Every structure is written in structure tokens, then in C-alpha cells.
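Protein chains in written order, with full-length UniProt numbering: chain C, 1 to 253; chain E, 1 to 152.
Every residue gets a Cβ at the ideal spot worked out from N, C-alpha and C, and that includes glycine.
The structure displayed is predicted, hence computed values, not measured ones.
Only one structure is covered here, and it is reproduced in the block below.
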Amino acid sequence: MTAVLDAPAEVGAIPSFTVTLRVMRYLPGDDGLTPVAHWDEFQVLCHGTDRVLDALHKVKWEQDGSLTFRRSCAHGVCGSDAMRINGRNRLACKTLLKDLDPSKPITVEPIKGLPVIKDLVVDMEPFFASYREIMPFLITTGNEPTKERLQSAEQRERFDDTTKCILCAACTSSCPVFWTDGQYFGPAAIVNAHRFIFDSRDEGGAQRLEILNDKEGVWRCRTTFNCTEACPRGIEVTKAIQEVKRAMITRAF
Amino acid sequence: MTAIADPKAPRPPRARPSRLTTRGNTELYGWVFMRASGVVLLVLIFGHLFVNLWAGDGVKAIDFGFVAGKWADPIWQVWDLLMLWLAMIHGTNGVRTIINDYAERDGTRLVLKSLLYLAFLVTVVLGTLVIFTFNPCPDAAPDLLPSFCTAR
């Protein structure tokens with residue numbers, strides 16, 4: 001735990017303000033009855049340097065300890081705290097409150113399209129099932145080389161964008177095709193397939209293209225660009241999906 | 001505390017990979033067809049509009065005789081047939097995609113798609129039949145026939 005809580009607040013020049021958080025709460029019942037989700041409002045005193053995650057921490061530590069959300073690194077690398085903030089998928093740890101118009105209530109919901117377990121925590125299993133299916137590991141044939149597998153800077157550049165994925169599910173859970181019908185592989189799985197399909201060292205490209213040529217694969221993409229907009233890492237997700245489509249078409253004809 | 005609807009959870013994903021694999025080039029060909037037929041349809045439809053509404057006397061020339069004259073020409077028969085088939089397959093595939101995207105229950109899917117394919121079949125069969133068997137001067141009472149028929 002960091003020392004922030006106990007340290008005397010010497011914020012001085014940093015402006016502080018009160019924000020209202022509207023958080024969607026969902027508590028599963030033990031009685032088997034369908035629990036009802038509802039909105040809870042919290043008033044939090046925040047500083048100009050605070051992120052949504054800091055505000056959520058303040059609520060959990062000072063007001064309502066039952067508020068449940070995932071977070072690990074809190075610095076935009078682990079991908080645990082993707083949530084729907086003011087109607088857009090973002091990482092709570094990368095979203096500054098001052099950028100969100102703090103004069104209005106800030107809505108925080110769980111990401112859509114995945115079953116909610118409690119409050120802001122969703123079941124990520126359908127998401128990771130798709131991820132596992134595209135075989136996100138190096139596939140090679142023949143004898144293992146005695147030294148590292150060399151690659152030119154240009155060859156590395158080819159798939160550089162898709163190596164940035166942190167599997168936060170912001171893209172997949174922003175996709176309208178995934179919302180209505182959880183069968184679609186989703187942008188994240190395709191991005192991670194792209195990372196290997198266009199890797200010059202990998203030899204499993206054909207297998208991965210075959211997997212994504214599924215009825216629920218890349219062809220369900222409607223290029224709405226929600227995923228590209230949602231990606232906290234700035235990956236050009238829709239472009240990656242289109243490149244996989246192109247690879248399939250050149251392979252088929 | 002305002003009660004709202006249950007947080008949205010989609011249908012549980014089908015266990016994949018299963019023996020009932022849905023892999024294959026069907027969706028790929030569908031995707032390519034949509035693009036290719038779209039380009040061809042642009043030419044066909046605007047050609048159709050130009051000839052019917054602009055060329056010659058323009059829209060005032062359209063009557064029963066004009067259509068009958070067009071369908072006496074094999075080029076226009078092929079043109080219209082191509083337009084009918086491409087537009088119907090293109091449109092049906094588009095609506096099929098929309099049903100796949102928006103229908104949440106399997107039952108809804110089945111009903112909507114059945115209606116769609118039925119409508120497709122009726123339109124295509126009827127349209128094809130009309131294009132090839134169209135006869136402007138059938139055996140009928142002369143006063144029912146258009147003015148250019150010899151029987152009149």
C-alpha cells in the first residue's frame with residue numbers, strides 16, 4: 001500500500017474540487033433471486049491530478065468498502081481496470097477527472113457484453129476463451145536454432161502496433177456485434193492473432209487465419225471503429241482487423 | 001437509488017472448437033460478393049436510371065410500350081435479370097447480416113431469416129419468370145391490348 005493516505009495532504013497549488021461519481025452497483029444475491037443493479041452516487045473531494053481510479057479508491061477506502069472493482073498496477077499497463085466511464089470504455093487509471101467535466105456527475109459502469117459478477121467486476125472468461133483460441137504463442141517448425149531468431153527492424157515494425165495490447169477488453173466490450181451476440185471472437189483476439197500472423201518468425205499464420213475465418217471470426221466486423229476509439233493503448237484495432245481480412249482474401253484467391 | 005435493468009450479458013458462447021465447426025470460406029465469399037456486386041450494381045442501376053428517366057424523352061417516355069420494347073431486346077433482358085439477381089442477393093445477404101447482428105434469441109433468428117429467404121425466393125422467381133415470359137400481346141380481347149399489338 002502506498003503512503004498517500006496517511007501523508008498530510010499538501011496539495012497546495014493543485015486545485016481541488018468535489019466530484020459526483022455515479023457508480024453502477026450490482027450485488028449478486030445468495031437467495032437465488034435475480035439481483036437488481038442500481039446507481040449509487042458518491043461525493044468525493046479530488047485534486048486536479050487525480051484519476052477516476054483515485055476517486056474510486058477514495059470511495060472504497062473512506063465511504064463504502066463494499067464497492068468492488070479490479071485494479072492492479074494502477075498505471076495503465078496491467079489492463080485490469082477497464083470500465084465504462086461517461087459512456088466510453090477507458091482505463092480508470094489513465095482517465096483524469098479534470099478531463100471529464102467534473103461539474104457533472106461522472107458515470108462509472110462495468111464494461112458491456114460480459115457477465116457482471118459484482119459492481120464493476122465482470123467475468124472475463126469468454127474474452128480469454130477467444131484469446132486462447134487464436135493460439136497466442138510462437139509456432140515454429142524444424143529444429144530450434146542455437147541462437148536467437150533474428151528479425152530486421154522492418155519485419156518487427158510490421159506488427160509493432162498490435163504488440164501493445166494489454167488485454168484490458170476495452171475494445172471487445174465496446175463492439176456492438178459483441179454486445180448482442182457474445183459469439184464473435186472480438187477485436188482483442190484478432191489483434192493478438194495479427195501480432196503473430198505478421199511476425200516473420202512465426203509459422204502458424206495459416207492456422208490462425210483458418211481459425212479466424214470462422215462464421216464468428218473477422219467477417220463479423222462491421223468497421224464501426226468503436227474498438228479503435230476505445231483502445232487505451234492507441235492500437236489501430238480496426239486497421240489490424242482489416243489487414244487480417246486482406247490476408248485471408250489474398251490467401252483464398 | 002434508482003433500479004435499472006440487469007447489466008447486459010450476452011448469450012453464453014458456444015463451446016469452441018466443436019465438431020460442428022463454422023470455419024470455412026462461406027463468410028469470406030459473402031464479404032467479397034458484397035463488394036463486387038455493389039460495384040456492378042452501381043453501374044447497372046445508374047445505367048437503368050439514365051436510360052429510363054433521362055435519355056430520349058426522359059421520364060415522359062415510360063409507359064407499358066416502353067417497358068415492353070425494352071424486354072423485347074435480349075440485352076435489356078440480361079441487364080434487368082442481372083440487376084434483379086445481384087440486388088436481391090446483395091440485399092438479402094445484407095439483411096441476413098443485420099439479423100445475425102441484432103437478433104438475440106435463436107427463435108427470433110430462425111423466424112426472421114425464414115421470412116427473409118421466402119421473400120427472396122418469391123421475388124427472384126417471380127421476377128425471372130416475368131423477364132423471360134413477358135408477352136405484351138397475349139391472346140385476349142383486343143380492347144384490353146396496348147395500341148401497338150397487331151391483334152388490335
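Item to check | Nearest to lysine 118(C) (by Cα), restricted to the options Ala153(C), Ala37(C), Ala247(C) and Pro126(C) | outcome: For the purposes of this step, residue 118(C) is taken as the residue at position 118 of the first sequence. Residue Ala37(C) is the option with its Cα nearest to lysine 118(C).
Checklist entry - With DSSP run on the structure shown, which of helix, strand or coil describes glutamate 243(C)? => result Start at 1 with the first residue of the first sequence, and residue 243(C) comes out as number 243. Glutamate 243(C) falls in the helix class under three-state DSSP.
Checklist entry - Do lysine 58(C) and leucine 67(C) come within 8 angstroms of each other at the CB atom, strictly closer than that value? => result If you number the first sequence from 1, residue 67(C) lands on position 67. If you number the first sequence from 1, residue 58(C) lands on position 58. No.
Checklist entry - Taking only beta-carbon atoms, is tryptophan 76(E) less than 8 angstroms away from chain C? => result For the purposes of this step, residue 76(E) is taken as the residue at position 76 of the second sequence. With 8 angstroms as the cut-off, tryptophan 76(E) does not count as an interface residue toward chain C.
Checklist entry - Residues in the stretch 197-225 of chain C with C-beta within 8 angstroms of chain E's C-beta atoms, listed in sequence order? => result Glu210, Ile211, Asn213, Asp214, Lys215, Glu216, Gly217, Trp219, Arg220 and Arg222
Next on the checklist: Please confirm whether leucine 28(E) has its beta-carbon closer than 8 angstroms to some beta-carbon of chain C.
Outcome noted: Against the second sequence, residue 28(E) aligns to sequence position 28. The C-beta of leucine 28(E) comes closer than 8 angstroms to at least one C-beta of chain C.
Item to check | alanine 55(C) - containing alpha helix (DSSP H), residue span | outcome: Stepping through the first sequence from its first residue, residue 55(C) is reached at position 55. First-last of the alpha helix (DSSP H) with alanine 55(C): 52-58.
Item to check | Neighbour list for tyrosine 117(E) in chain C, Cβ cutoff strictly below 9 angstroms | outcome: Locating residue 117(E) in the second sequence gives position 117, where the first residue counts as 1. Ordered by position in chain C, no residue passes the 9 angstroms Cβ test against tyrosine 117(E), which lies about 17 angstroms from the chain.
Checklist entry - Which word fits proline 126(C), buried or exposed, when buried means at least 16 other C-beta atoms lie within 10 angstroms of its C-beta? => result By 1-based counting over the first sequence, the position of residue 126(C) is 126. Label assigned to proline 126(C): buried.
Checklist entry - Within this structure, are the beta carbons of asparagine 213(C) and isoleucine 134(C) separated by less than 8 angstroms? => result Along the first sequence, read from residue 1 onward, the residue named residue 213(C) stands at position 213. Along the first sequence, read from residue 1 onward, the residue named residue 134(C) stands at position 134. Their beta carbons are not under 8 angstroms apart, which means asparagine 213(C) does not touch isoleucine 134(C) by this criterion.
Checklist entry - Closer than 8 angstroms, CB to CB, is methionine 248(C) near chain E or not? => result As a first step, residue 248(C) is located in the first sequence; it is residue number 248 there, counting from the start. Taking Cβ atoms only, chain E reaches closer than 8 angstroms to methionine 248(C), which makes this a yes.
Checklist entry - Does methionine 32(E) come within less than 8 angstroms of chain C when only Cβ atoms are used? => result Within the second sequence, residue 32(E) is the residue found at index 32, counting from 1. First, the amino acid is wrong: residue 32(E) is valine here, not methionine. By this cut-off, valine 32(E) is an interface position.
Checklist entry - Would phenylalanine 132(E) be called buried (16 or more neighbouring beta carbons within 10 Å of its own) or exposed? => result Within the second sequence, numbered from 1, the residue matching residue 132(E) stands at position 132. Exposed is the label assigned to phenylalanine 132(E), since fewer than 16 other Cβ atoms lie within 10 Å of its Cβ.
Item to check | tryptophan 219(C) classed as buried or exposed, judged by whether at least 16 other C-beta atoms fall within 10 angstroms | outcome: Position 219 of the first sequence, counted from the start, is the residue given in the question as residue 219(C). Its Cβ being crowded by 16 or more others within 10 Å, tryptophan 219(C) is buried.
Checklist entry - For tryptophan 76(E), which residues from the same chain have a beta carbon less than 8 angstroms from its beta carbon, with the 5 sequence-adjacent residues on both sides left out? => result To locate residue 76(E), count along the second sequence from 1; it is residue 76. Closer than 8 angstroms at Cβ, skipping near neighbours: Lys70.
Item to check | Bridge partners - arginine 220(C), DSSP secondary structure assignment | outcome: Position 220 of the first sequence, counted from the first residue, corresponds to residue 220(C). None; arginine 220(C) has no bridge partner.
Next on the checklist: Just list the residues that DSSP pairs tryptophan 39(C) with in beta bridges.
Outcome noted: Within the first sequence, numbered from 1, the residue matching residue 39(C) stands at position 39. Note: tryptophan 39(C) sits in a beta bridge opposite Met24(C).
Checklist entry - Does any residue of chain C bring its CB to less than 8 angstroms from the CB of methionine 1(E)? => result The residue given as residue 1(E) occupies position 1 in the second sequence. Note that methionine 1(E) scores 38 on pLDDT, short of 50, meaning its location in the model is unreliable; the coordinates nonetheless yield the value given after this. By this cut-off, methionine 1(E) is an interface position.
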